[in-house]
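In the order they appear, the protein sequences are chains A, B, C, D, E, F, G and H.
One point on numbering: in our numbering, the residue at position 219 of the first sequence is 262, and numbering is uninterrupted.
One point on numbering: in our numbering, the residue at position 32 of the second sequence is 75, and numbering is uninterrupted.
One point on numbering: in our numbering, the residue at position 22 of the third sequence is 65, and numbering is uninterrupted.
One point on numbering: in our numbering, the residue at position 94 of the fourth sequence is 137, and numbering is uninterrupted.
One point on numbering: in our numbering, the residue at position 82 of the fifth sequence is 125, and numbering is uninterrupted.
One point on numbering: in our numbering, the residue at position 161 of the sixth sequence is 204, and numbering is uninterrupted.
One point on numbering: in our numbering, the residue at position 123 of the seventh sequence is 166, and numbering is uninterrupted.
One point on numbering: in our numbering, the residue at position 143 of the eighth sequence is 186, and numbering is uninterrupted.
Even for Gly, the Cβ is constructed at its ideal location relative to N, Cα and C.
The model shown is predicted, which means the values in this text are computed figures rather than measured ones.
Protein chains: 8
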Amino acid sequence: KRTGFPEVIFGEGKTAEHLLGIFERLMHHHKKVLATRVDKQKAAYLLEHLETKYSDETFHYHKDARTFHWVTRDYKEEWKDGFIAVVCAGTSDFPVAEEAAITAEIMGNRVQKMYDIGVAGIHRLLDKVEQIEQANAIIVVAGMEGALASVMGGLVSKPVVAVPTSVGYGASMNGIAALLSMLSSCASGVSVVNIDNGFGAGYYAATLTHTIDRAVKKALLEKRD
Amino acid sequence: KRTGFPEVIFGEGKTAEHLLGIFERLMHHHKKVLATRVDKQKAAYLLEHLETKYSDETFHYHKDARTFHWVTRDYKEEWKDGFIAVVCAGTSDFPVAEEAAITAEIMGNRVQKMYDIGVAGIHRLLDKVEQIEQANAIIVVAGMEGALASVMGGLVSKPVVAVPTSVGYGASMNGIAALLSMLSSCASGVSVVNIDNGFGAGYYAATLTHTIDRAVKKALLEKRD
Amino acid sequence: KRTGFPEVIFGEGKTAEHLLGIFERLMHHHKKVLATRVDKQKAAYLLEHLETKYSDETFHYHKDARTFHWVTRDYKEEWKDGFIAVVCAGTSDFPVAEEAAITAEIMGNRVQKMYDIGVAGIHRLLDKVEQIEQANAIIVVAGMEGALASVMGGLVSKPVVAVPTSVGYGASMNGIAALLSMLSSCASGVSVVNIDNGFGAGYYAATLTHTIDRAVKKALLEKRD
Amino acid sequence: KRTGFPEVIFGEGKTAEHLLGIFERLMHHHKKVLATRVDKQKAAYLLEHLETKYSDETFHYHKDARTFHWVTRDYKEEWKDGFIAVVCAGTSDFPVAEEAAITAEIMGNRVQKMYDIGVAGIHRLLDKVEQIEQANAIIVVAGMEGALASVMGGLVSKPVVAVPTSVGYGASMNGIAALLSMLSSCASGVSVVNIDNGFGAGYYAATLTHTIDRAVKKALLEKRD
Amino acid sequence: KRTGFPEVIFGEGKTAEHLLGIFERLMHHHKKVLATRVDKQKAAYLLEHLETKYSDETFHYHKDARTFHWVTRDYKEEWKDGFIAVVCAGTSDFPVAEEAAITAEIMGNRVQKMYDIGVAGIHRLLDKVEQIEQANAIIVVAGMEGALASVMGGLVSKPVVAVPTSVGYGASMNGIAALLSMLSSCASGVSVVNIDNGFGAGYYAATLTHTIDRAVKKALLEKRD
Amino acid sequence: KRTGFPEVIFGEGKTAEHLLGIFERLMHHHKKVLATRVDKQKAAYLLEHLETKYSDETFHYHKDARTFHWVTRDYKEEWKDGFIAVVCAGTSDFPVAEEAAITAEIMGNRVQKMYDIGVAGIHRLLDKVEQIEQANAIIVVAGMEGALASVMGGLVSKPVVAVPTSVGYGASMNGIAALLSMLSSCASGVSVVNIDNGFGAGYYAATLTHTIDRAVKKALLEKRD
Amino acid sequence: KRTGFPEVIFGEGKTAEHLLGIFERLMHHHKKVLATRVDKQKAAYLLEHLETKYSDETFHYHKDARTFHWVTRDYKEEWKDGFIAVVCAGTSDFPVAEEAAITAEIMGNRVQKMYDIGVAGIHRLLDKVEQIEQANAIIVVAGMEGALASVMGGLVSKPVVAVPTSVGYGASMNGIAALLSMLSSCASGVSVVNIDNGFGAGYYAATLTHTIDRAVKKALLEKRD
Amino acid sequence: KRTGFPEVIFGEGKTAEHLLGIFERLMHHHKKVLATRVDKQKAAYLLEHLETKYSDETFHYHKDARTFHWVTRDYKEEWKDGFIAVVCAGTSDFPVAEEAAITAEIMGNRVQKMYDIGVAGIHRLLDKVEQIEQANAIIVVAGMEGALASVMGGLVSKPVVAVPTSVGYGASMNGIAALLSMLSSCASGVSVVNIDNGFGAGYYAATLTHTIDRAVKKALLEKRD
Ligand SMILES: Nc1ncnc2c1ncn2[C@@H]1O[C@H](COP(=O)(O)O)[C@@H](O)[C@H]1O
Ligand SMILES: Nc1ncnc2c1ncn2[C@@H]1O[C@H](COP(=O)(O)O)[C@@H](O)[C@H]1O
Ligand SMILES: Nc1ncnc2c1ncn2[C@@H]1O[C@H](COP(=O)(O)O)[C@@H](O)[C@H]1O
Ligand SMILES: Nc1ncnc2c1ncn2[C@@H]1O[C@H](COP(=O)(O)O)[C@@H](O)[C@H]1O
Ligand SMILES: [Mg+2]
Ligand SMILES: [Mg+2]
Ligand SMILES: [Mg+2]
Ligand SMILES: [Mg+2]
Ligand SMILES: [Mg+2]
Ligand SMILES: [Mg+2]
Ligand SMILES: [Mg+2]
Ligand SMILES: [Mg+2]
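Set out below in structure tokens:
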């Protein structure tokens, strides 16, 4: 029904066999299928079985993001205008950021990744603000104290989707510190998704661009008339 | 700098005198000023002083939403296309919903309020889904267990901004139950702001429509060329 | 003393040898014995020893539900009237739902399982409401935000026993989000058992049908006189 | 639709005027209306207005339970068979127990109150077990450490609905200690509702007796044929 | 200095080599040494090295209690009058109860163990109350909802030392439910030690008997004079 | 049954009338009655009514400790040997310490109060250690970080009963910091009661001296024979 | 003993009379006395009594900081070299910042206040970084998400003392969000004191300058020799 | 920019290859590189590759502290005056204390380690107070109840940096008890860093000595002139 929205499987806690079963069934009714939180073992199993059986099709596994997806061979992506910015501070938050980016891409969005922007080195962030402001939506991925979301919210006028991560230890409480921190400052255009939920952020940003898309098409149509 | 974005004052914990001082100062540099969390006493004080001094201007106080605002007399609102839906279950969540609605309106958005939609009577919600789907953004305000946000997220393709409220008792823990609940289901297009943060939701929805607005204008411009 | 109520062993944290000892001892004094939370290794050990020793008896292990039970060979189940509905959204909550179902069955109840009903696809739920309403008790198993319990409570007039599960991550806090959520909405006929406590829910539902059973028998007896 | 189920208003956080409005509106469509959490001031206001306007009708306010209700003059209660037991330890938990009892009664149930039964004096409890076992449902209201629910669950075979209360201080954390305690022992026929939710427990017990009622009627009907 | 009090080593988180070093050093200055939380591997290592080196001495390892201790060969225990009761419900709390019992014994106390007493079968408890009341101190070890401590406190006049255990799941939160529950009811002669702290309870009970011992000796001395 | 143990009423949350009723009833069956958590208004009410009616009797109200008690006129206290030490750091913890002291005294114990001993000035504590060691039980009352209990536990061999208080702010979380802190160090002879539970500590210490008393009497008796 | 360190009284929870008593007693043995958390009523009481009795002395009350202090008339402050920076974002955190500033000043430090620096307007902060870097210690006072401490820590090389405040609502949990956030980022030269503990931060900064002072004096002395 | 401050890598959650890459890159631009939280496997990998490639350089791995660092061959450390005291109670907190000590040393500070000082044996602490008071900063590392920080704060006038550790079980909640405890008493010159953050404490103490250093140099310079 929702054009361009793939079916998505949550891979955690499912066996490889089970995952394969669901994946295949969805392939028969959809043009794109995405599975998240797929570890290496399960991915190998999926690849082995799916590539053998559907030798004309291509399957993609990203080991950092732990995503596994397929887009039907003859699918012609209708790229949405503009881009989504995915911002994080580096190494540790990287997998969550990648999950967000891949999700957004599969949903027809161009993504600009900025993975070296943290609160510790605020100048790198300031250098890129102008570029980030051009995005249709900004995904900020941050662990520890999650201050990056607040700082970003104060610098741009575009909607910020904040993803707290479980990176950190002790008082960061597996992401709770970042989560509470991001929620406590969401006055200026910041909303929040679950801890480590890169997928949710990518999907959310895509609902935004999907809405823009509709609005633009409608406006152009009206214009034409 | 950000056209149409008002300056906003957080009224809680400020004295009436202090509030007046900030409000007046902002009036001199902006066309719109909004103060949130203004109780009746403070509002009376503000009205008395401001209406006397600026007799040509109109000031608005909403006692449920506890918002106080001013839009300069000669301001011609440039209404954004489409509308924002503000949805809640009724009586208790009403003040937070109103705060969201007024914030969105001051930022140039038309708002459709649906204040009798709860999970207990799911049919009322189903009857309105088609209409809600037309919105550019959907603000869902819900206390207690906050299930309305999840249900809504499953029914529409537009971005849902969920506001947990502190309505409830015991295990609802002043909004924590609703907050965790909303975060735990944000996969399908739901993001969350702070407990009782109607303002934040209204503002966030407005950043979405602001982004749409820009995109539409750019597209029309390009078309014209 | 309580006819039809089996003796139940909590298998977690007990060694296989210990489990075997208790199981055998109970077999000598009861007609049914149930052990929950029995992993594959322990089950294999139990099976090996019990089947050898009691070659006339049948032992049942359900690897998803992790239940191990025995009903004496010549036992003639006196099935209670009506049925208990066990409802969940799918894959991840499946083991807990199975534990509930098996417990209820061992206690002499017919069970109707509906394992594809979630809040995300509310229409599947609505399609089955009429059938669910026929149950004597409804067990709702749900993780993440646990909204299914609230929605169900609003749709039926029969007692709902809600089981939050530890399925989810981050803000779902190993089942705490679902638990608080279910407790916060239990006004309309919903009560709650511990996180992942499928056994408790099955047992509880059985105390309900046991009570009905007694009442019906008493009424028929009185009628006869 | 659900015969004998009254409409219920949650009085907390509503103004007296608002409450009156809802109450009157419900009176026009129903035979019974119940409002919970109505403090003395609001009750006085309701009484004054309702008794004046509907001079033929009787309105009931229980100041401990904080319930306010009305049953239409010509209503002939169809009392359900058997009774519901409401058990608590005394003074402090009394208001919550009363809320449960009144709710159950309004829904057509006879209630037996046992308000002097606590864990500290276990013998009083043992003396009454036989009588309690006769109930169709047992509501246990307990604050502090909530041990009464566990002990009761071990002594009876009928469904226990446990209501933790916010009575206590320090480590009892406004009812959280009792809540967790009750949930942790719900294996043997105990389920739990929200802290201080006497209404919820009374309502839940009534869904049980309602289910029994249906079953008995159906059995008698079948018998007759 | 404190006669009869052994030196005690907390074994968790120490390497076997390290443990051995400390143990040996203490042996040279004391007549008794106790190490708690010693797993099987470490115990084997200790035994191997200590038995070889000190072939005249005996070393004791209890694998359930995970205690390792030594009392010098020629030590003549001066047993304190009376006994300490150690009570628990069974299997799961067994290791913690054993740690308490062994600690108390090493400190010169006779211990009576009652390991089949739980709240579920309250009659077994009542049968033994008279005997328990004879103890100088009563250690109650209980997990899940910890109700046994409250019930015991109400039945006896001797000091109860309650040990919550981490046994349970979900809402029992690794012992937090039992801990809060025990603290919330400690009015009538119950005090609490840390979760799983069998050692602490045994030691505490021994400080009680040590105090009694002193008082008795002093009284007899005064008498004699 | 328990000689010298008074009946105790928990005054919080009871109305003055209610309190009076219970107090009087207990007076008729006991020689001592104690009510805790009695505020000034309730105390005045009790005094007025009781002194009028029982003009021969004396009633005692301690406004800091908020205790109200009565010991029958002709009661001859049988003081237990030795004393109980009640230790705290000063001003803020004073009321809780007083509640403990008065409770212990009413139960027939001599109390030595040391109310100027805190961790900040460790030397005052060291000066008194020898004297404290003479006590039969040591009650340590401490708020904020509760370190006094740990330090005391390390210095004496007698049982320490620790009472965390709700004194402090922020991270002391209404006594939770002190509570957790005291529990975390209870290895060396420290056990804990609920936050602000001076009564519980006094009562607990009295169960210790009661046990000593019995032991001494028994020893003397045996000696005599 | 510690030259220049005043005696400090924690005013919360003490009566005015009690406060006066302690204040006067300290005046007799010290040259400076500071009381924190003194509300207006208590301050008025103190002023009235102290100014009458000690008419030659001057007493200072700061109603925002809620501090009351006295420095003996003939006291000649020996100002320490350099300055302490006290930074906050504005209105709401103002009282805590003032408490910090006054404490530092009374301990002989010059203070530079920068009260309009927040994360929302990062440029104001950047403009002042160079000046802030000159400080001997930097006190950062911040509520809500507390991100200012992290950002500051990344920009300067001097020790940052972070004070989380209870400003905020919902997920900011009375300062817990800011506290966890500040702790989670304290790697780069940030340490934390209790929520709202302006006094503690001021005092801590003063122990730093006191240490510098000693070091400088020692170095100059050695130089001279 | 900040002379003598090394670049620091957080090793946890990074692969050995990744770590090596960052380490080498930093070596090219700095004179010192420190990696924390490096386990044995990663250290072996780093050593093997770095020693082969940079055979003239020396690399240091501390297996307890889990630190890996390099200081360029020709680097001449400019040791700061005075010393930093690192204090802990022993075995279990040892690794965190070592991380603090090594961090401080790499930043040019002499460190005095006192690793046998705990609250249980307060006399050892008192014996060393005079020596500790000579330090420029005092790092106190403590788990369980963290009382050592409070006691130290009361005994010395120099800034105390407290590091709670995750050592303990049950109510110590992985360091939360120690953390809250330390925060609750930080009035008298104690500030706190994250749980187990030895690195943070060492770094913080070094910012203090760095500030002293500057002040002393400035003073001497001014003197000279
Ligand atoms: N004391 C109570 N606790 C929890 N829920 C209640 C209570 N009283 C009424 N309710 C529920 O609240 C609903 C009405 O809420 P409202 O529309 O806010 O009056 C009813 O359908 C009841 O199920
Ligand atoms: N301050 C107190 N804290 C805790 N428990 C108390 C306190 N005062 C009295 N109690 C207990 O409360 C019981 C009486 O409770 P109640 O029947 O509500 O008056 C007594 O048996 C005491 O054990
Ligand atoms: N605002 C404050 N927050 C925390 N501690 C304080 C505060 N004011 C004073 N103190 C400390 O409290 C101690 C005095 O406590 P007290 O004896 O209760 O007045 C002083 O030594 C200070 O260290
Ligand atoms: N053990 C540690 N705990 C907290 N922060 C650390 C630790 N080790 C290094 N860091 C900080 O982490 C930063 C580097 O993080 P990363 O880029 O992930 O290696 C450094 O600037 C340090 O401030
Ligand atoms: Mg913004
Ligand atoms: Mg959706
Ligand atoms: Mg229902
Ligand atoms: Mg039962
Ligand atoms: Mg007792
Ligand atoms: Mg001791
Ligand atoms: Mg810095
Ligand atoms: Mg100090």
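Between Ala221 of chain B and Ala185 of chain B, the beta carbon gap of about 6 Å places them in contact (Cβ cut-off 8 Å). Residues of chain F with a Cβ closer than 7 Å to the Cβ of His253 of chain E are, in chain order, Ser200. Legend: CB atoms of the segment 104 to 128 of chain D lying less than 7 Å from CB atoms of chain B are not found in any residue. Runs of alpha helix (DSSP H) with 4 or more residues, each lying fully within the segment 204 to 258 of chain D, are found at 219 to 227, listed in chain order.
Residue range 153 to 157 is occupied by the beta strand (DSSP E) that includes Lys156 of chain E.
Under the 10 Å beta carbon count, Ser98 of chain D is surrounded by fewer than 16 other beta carbons and is classified as exposed. Counting the other Cβ atoms within 10 Å of the Cβ of Ala87 of chain G gives fewer than 16, which makes it exposed.
With a contact defined as Cβ atoms closer than 8 Å, Thr110 of chain C and Val81 of chain C qualify at about 7 Å. When secondary structure is reduced to three states using DSSP, Ala185 of chain G falls in the strand class. Straight across, the Cα-Cα distance linking Arg167 of chain F with Cys131 of chain F is about 12 Å. A straight line joining the alpha-carbon of Ile149 of chain B with that of Pro49 of chain B spans about 8 Å. Given a length threshold of 4 residues, each whole run of the alpha helix (DSSP H) inside the segment 122 to 153 of chain C is given here in chain order: 137 to 149.
In this structure, Val139 of chain C keeps its C-beta atom at 8 Å or more from the C-beta atom of Val51 of chain C. Within chain C, the residues placing a beta-carbon under 8 Å from that of Leu222 of chain A are Gly213, Ala214, ordered along the chain. Non-local beta-carbon contacts of Leu63 of chain F in its own chain, meaning distances under 8 Å to residues more than five positions away in sequence, involve Tyr88, Leu89, His92, Leu93 in chain order.
Residue environment: Lys260 of chain C is assigned as exposed (fewer than 16 neighbouring CB atoms within 10 Å of its CB, all protein chains considered). Your pair Gly245 of chain F and Ala128 of chain F does not check out as a contact, with CB atoms roughly 12 Å apart and the cut at 8 Å.
Within chain D, no residue has its CB atom less than 9 Å from the CB of Ile182 of chain F, the nearest being about 16 Å off. Inclusion of Tyr247 of chain E and Ser234 of chain F in the CB contact set at 8 Å is warranted, their separation being smaller than that value. The alpha carbon of Ala178 of chain E has as its nearest neighbour, out of E:Glu265, E:Arg116, E:Glu188, E:Pro202, the alpha carbon of E:Pro202. From the beta-carbon of Lys96 of chain B, no residue of chain A is found nearer than 7 Å; the closest lies around 28 Å away. For Leu251 of chain H, same chain residues with a beta-carbon under 7 Å away, outside a window of 5 residues either side, are Asn179, Ala180, Pro202 in chain order.
Look at Val194 of chain H here: in three-state DSSP terms it is helix. For a Cβ distance threshold of 9 Å, residue set Gly161, Val162, Ala163, Gly164, Ile165 of chain F lies close to Gly197 of chain H, ordered along the chain. Straight-line measurement puts the Cα of Ile165 of chain B at about 24 Å from the Cα of Thr146 of chain D.
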